[in-house]
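Contents: one structure, followed by commentary.
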Amino acid sequence: MKFFPLVLASIGAVWAAAIDGVLFDTTLVSGSLQDFTVGSFSLLDLHKQLVSTSSVSYNETAVAYLLADYLREAGLTVELQELDDSNRYNVYAYFGSARDTDVVLTSHIDTVPPFIPYSVKGTQIFGRGSSDAKASVAAQVFALLSLKEQGLVHPGDVSLLYVVGEEVDGSGALYASEHLGAKWSTAIFGEPTENKLGVGHKGVYGVKLTAHGRASHSGYPQLGISASELLLPVLNKLLQLKFPEDPLLGPSTLNIGKVDIGVAANVVPKDGEAIVFVRVATALEEVDLLVREALDNISPLIEVQYTHGIGPVYLDHKVPGFDTIALAYGTDVPNFKVPLHKRYLYGPGSILVAHGDNENIENESLLEAVQGYQDLVKFVLSSQ
Ligand SMILES: *[C@@H]1O[C@H](CO)[C@@H](O)[C@H](O)[C@H]1NC(C)=O
Ligand SMILES: *[C@@H]1O[C@H](CO)[C@@H](O)[C@H](O)[C@H]1NC(C)=O
Numbered sequence: 076m077k078f079f080p081l082v083l084a085s086i087g088a089v090w091a092a093a094i095d096g097v098l099f100d101t102t103l104v105s106g107s108l109q110d111f112t113v114g115s116f117s118l119l120d121l122h123k124q125l126v127s128t129s130s131v132s133y134n135e136t137a138v139a140y141l142l143a144d145y146l147r148e149a150g151l152t153v154e155l156q157e158l159d160d161s162n163r164y165n166v167y168a169y170f171g172s173a174r175d176t177d178v179v180l181t182s183h184i185d186t187v188p189p190f191i192p193y194s195v196k197g198t199q200i201f202g203r204g205s206s207d208a209k210a211s212v213a214a215q216v217f218a219l220l221s222l223k224e225q226g227l228v229h230p231g232d233v234s235l236l237y238v239v240g241e242e243v244d245g246s247g248a249l250y251a252s253e254h255l256g257a258k259w260s261t262a263i264f265g266e267p268t269e270n271k272l273g274v275g276h277k278g279v280y281g282v283k284l285t286a287h288g289r290a291s292h293s294g295y296p297q298l299g300i301s302a303s304e305l306l307l308p309v310l311n312k313l314l315q316l317k318f319p320e321d322p323l324l325g326p327s328t329l330n331i332g333k334v335d336i337g338v339a340a341n342v343v344p345k346d347g348e349a350i351v352f353v354r355v356a357t358a359l360e361e362v363d364l365l366v367r368e369a370l371d372n373i374s375p376l377i378e379v380q381y382t383h384g385i386g387p388v389y390l391d392h393k394v395p396g397f398d399t400i401a402l403a404y405g406t407d408v409p410n411f412k413v414p415l416h417k418r419y420l421y422g423p424g425s426i427l428v429a430h431g432d433n434e435n436i437e438n439e440s441l442l443e444a445v446q447g448y449q450d451l452v453k454f455v456l457s458s459q
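Letter by letter, the sequence shown follows residues 76 to 459 of our numbering.
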């Protein structure tokens with residue numbers, strides 16, 4: 076299908092469709108997407124600016140500056156927090172000089188690769204980060220601006236924190252926890268949760284297996300030690316593991332994400348490597364014990380490295396009027412190593428499209444999130 080972008084009010088699209096081989100122009104005008112404005116500030120415009128600015132992890136500088144300028148113009152006090160001398164910045168914003176706030180609305184400004192430009196088709200907005208997590212960022216900003224305009228928040232109530240590196244190593248959140256020095260009692264994390272409150276998400280446990288065999292001609296395998304024959308039975312053993320289930324998060328699941336063995340069909344492979352991830356739903360120790368048992372007594376020619384060990388995260392999720400959702404993906408929540416009374420996870424869009432080529436957000440979802448964040452903030456402020 077071919078798209079002809081058309082400017083209608085702000086954003087719109089008309090398309091031509093081929094049905095039964097006949098090309099005809101349908102004037103199926105989807106209409107302009109509905110916007111949300113506070114004064115002269117437009118939600119769709121901020122979302123468009125954010126998505127249009129490439130910010131693949133480690134290259135978030137431009138989007139950090141863009142957001143900082145925007146928030147300053149909107150009347151907030153803004154700090155750019157550089158992660159050492161990396162030219163990478165977290166953005167921290169609040170009203171007046173009140174750095175410590177009851178609530179922090181937070182999300183991340185990096186995306187997975189590759190950059191995908193902004194486009195609109197019907198009621199969907201496409202582009203890298205359109206959902207994960209620039210929709211959360213834009214909706215949180217507008218929730219705060221709207222609450223401020225209504226006189227419902229004051230300095231010291233709410234701040235905004237946008238971090239880098241969530242998609243890779245949580246470096247932004249870890250750095251903010253250690254060096255920002257601001258205090259909050261509640262954090263509301265923005266990630267695609269279909270505008271439901273996350274009840275929790277799985278942790279991650281990682282193992283890397285490296286086999287050190289001996290190469291030989293495949294016609295004379297007795298002269299070699301095959302890395303395949305070392306690794307494959309062990310991987311099979313891991314696949315047979317039965318993990319316990321958590322009532323909220325379901326079972327832990329195991330994935331052999333990468334296997335790299337050998338060089339050619341006619342060579343007994345000398346080296347091999349496998350990377351295994353378990354998405355952890357119950358106590359980390361239970362998963363650790365099962366995996367270690369399976370790896371007990373394996374060949375000494377296999378080196379075992381335990382690479383990741385993060386337990387599941389349980390979140391606060393009892394707020395009147397909100398549905399809940401259990402999630403299988405990781406977030407920055409465990410990287411916020413600061414004392415918090417309450418932690419909520421909520422945001423527009425679905426994780427199911429988040430890292431794909433067709434990442435997108437429905438205009439409806441974006442708008443609903445502005446209301447959702449406002450309701451959450453009001454709930455938290457009034458229940459303190
Ligand atoms: C989403 O966009 C469609 C088409 O542009 C529009 O009809 C609809 O009202 C929008 N939804 C909301 C909640 O604004
Ligand atoms: C880094 O980000 C800038 C600004 O968004 C962009 O122009 C540039 O292409 C990006 N570089 C890479 C290597 O992605």
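Cβ coordinates follow ideal geometry from the N, Cα and C atoms, glycine included.
Check your understanding: Going by Cα to Cα distance, which pick from Leu180, Asp207 and Leu255 is closest to Leu220?
Key -> Leu180
Check your understanding: If you drop the 5 nearest sequence neighbours on each side, which residues of the same chain put their C-beta closer than 7 Å to that of Pro188?
Key -> Val131
Exercise for review: Answer yes or no: the CB of Ser205 versus the heavy atoms of ligand 2, is any distance below 7 Å?
Suggested key: no
Exercise for review: Report buried or exposed for Asn341, applying the criterion of at least 16 other Cβ atoms within 10 angstroms of its Cβ.
Suggested key: Asn341 sits exposed, since fewer than 16 C-beta atoms from the chains shown fall within 10 Å of its C-beta.
Review point. Under a three-way DSSP split, which group does Phe201 fall into?
Key: Looking at Phe201 - three-state DSSP - the assignment turns out to be strand.
**Study point:** Which of helix, strand or coil DSSP assigns to Gln215
**Key:** In the structure shown, Gln215 sits in a helix (DSSP, three-state: H, G or I).
Check your understanding: Per DSSP, what kind of secondary structure is Asp391 in: helix, strand or coil?
Key -> coil
Review point. Excluding sequence positions up to five away, which residues of its chain have a Cβ less than 6 Å from the Cβ of Ala248?
Key: Val238, Asp407, Asn410 and Phe411
Review point. Which residue from Lys209, Leu402, Asp335 and Leu284 puts its Cα closest to that of Val309?
Key: Leu284
Practice item. Compute the Euclidean distance between the alpha carbons of Leu390 and Ile263, then round it to the nearest angstrom. Key: 10 Å
Review point. Thr112: beta carbon under 7 Å from a heavy atom of ligand 2?
Key: no
Review point. By the 10 Å Cβ neighbour count, where 16 or more other Cβ atoms means buried, how is Pro296 classified, buried or exposed?
Key: exposed
Check your understanding: So which of Val153, Val455 and Ala444 has the shortest CA-CA distance to Ala210?
Key -> Among Val153, Val455 and Ala444, the Cα nearest to that of Ala210 belongs to Ala444.
Exercise for review: Could you check which residue in Asn134, Ile191 and His254 has the C-alpha nearest to that of Val413?
Suggested key: His254
Check your understanding: In the structure shown, what three-state DSSP assignment does Ser107 receive?
Key -> coil
Check your understanding: Does ligand 2 have even one heavy atom less than 7 Å from the beta-carbon of Ala137?
Key -> Yes, the Cβ of Ala137 comes within 7 Å of a heavy atom of ligand 2.
Review point. Can the beta-carbon of Pro395 be found less than 8 Å from the beta-carbon of Thr357?
Key: No, the Cβ-Cβ distance between Pro395 and Thr357 is not below 8 Å.
Check your understanding: Would you say the beta carbon of Gly129 comes nearer than 7 Å to a heavy atom of ligand 2?
Key -> According to the sequence provided, residue 129 is Ser. The question's Gly does not apply to it. Answer for Ser129: yes, Cβ within range of ligand 2.
Review point. Can the beta-carbon of Ser182 be found less than 8 Å from the beta-carbon of Val212?
Key: Their beta carbons are under 8 Å apart, which means Ser182 touches Val212 by this criterion.
Practice item. Ignore the nearest five residues each way along the sequence and tell me which others in Val243's own chain have a CB closer than 7 Å to its CB. Key: Ser132
Practice item. Keeping to the same chain, check which residues put their C-beta closer than 6 Å to that of Val126; ignore five residues upstream and five downstream. Key: Tyr193, Gly202, Gly204, Ser205 and Lys209
**Study point:** Three CB pairs or more closer than 8 Å across the stretch 379–389 and the stretch 292–307
**Key:** Contact between the stretch 379–389 and the stretch 292–307 is absent, because fewer than three Cβ pairs lie under 8 Å.
Check your understanding: How is His254 classed by DSSP in three states: helix, strand or coil?
Key -> helix
Review point. Considering only residues of the same chain and omitting the five flanking positions on each side of Gln124, which have a CB-CB separation below 8 Å?
Key: Leu141 and Tyr145
Check your understanding: From which residue to which residue does the beta strand (DSSP E) around Leu272 run?
Key -> Leu272 to His276
Review point. What does a CB cutoff of less than 6 Å around Ala168 pick up in its chain, not counting 5 residues either side in sequence?
Key: Taken in chain order, the residues that qualify are Leu146, Leu151, Val153 and Leu235.
Practice item. State the DSSP-derived secondary structure class of Arg163, mapped to helix, strand or coil. Key: coil
Practice item. Assign Glu378 to one of two classes, buried (16 or more other C-beta atoms within 10 Å of its C-beta) or exposed (fewer than that). Key: exposed
Point to revise | Rounded separation between Thr176 and Lys393 - CA only | key: 22 Å
Practice item. Check whether the Cβ atoms of Tyr419 and Leu272 sit closer than 8 Å, and answer yes or no. Key: yes
Practice item. With Ser303 as the anchor, note down where its alpha helix (DSSP H) starts and where it stops. Key: Ala302 to Leu314
Point to revise | Bridge-paired residues (DSSP) for His416 | key: According to DSSP, which records beta bridges pairwise, His416 is partnered with nothing at all.
Practice item. Report the rounded CA-to-CA distance for Glu241 versus Ser425, giving the unit in angstroms. Key: 17 Å
Check your understanding: So, using beta-carbon positions, are Thr268 and Leu427 closer together than 8 Å?
Key -> no
Review point. Between the beta-carbon of Ala339 and the beta-carbon of Leu306, is there less than 8 Å?
Key: no
Review point. Among residues of its own chain, excluding the 5 on either side of Thr328, which ones have a beta-carbon nearer than 6 Å to its beta-carbon?
Key: The residues are Arg354.
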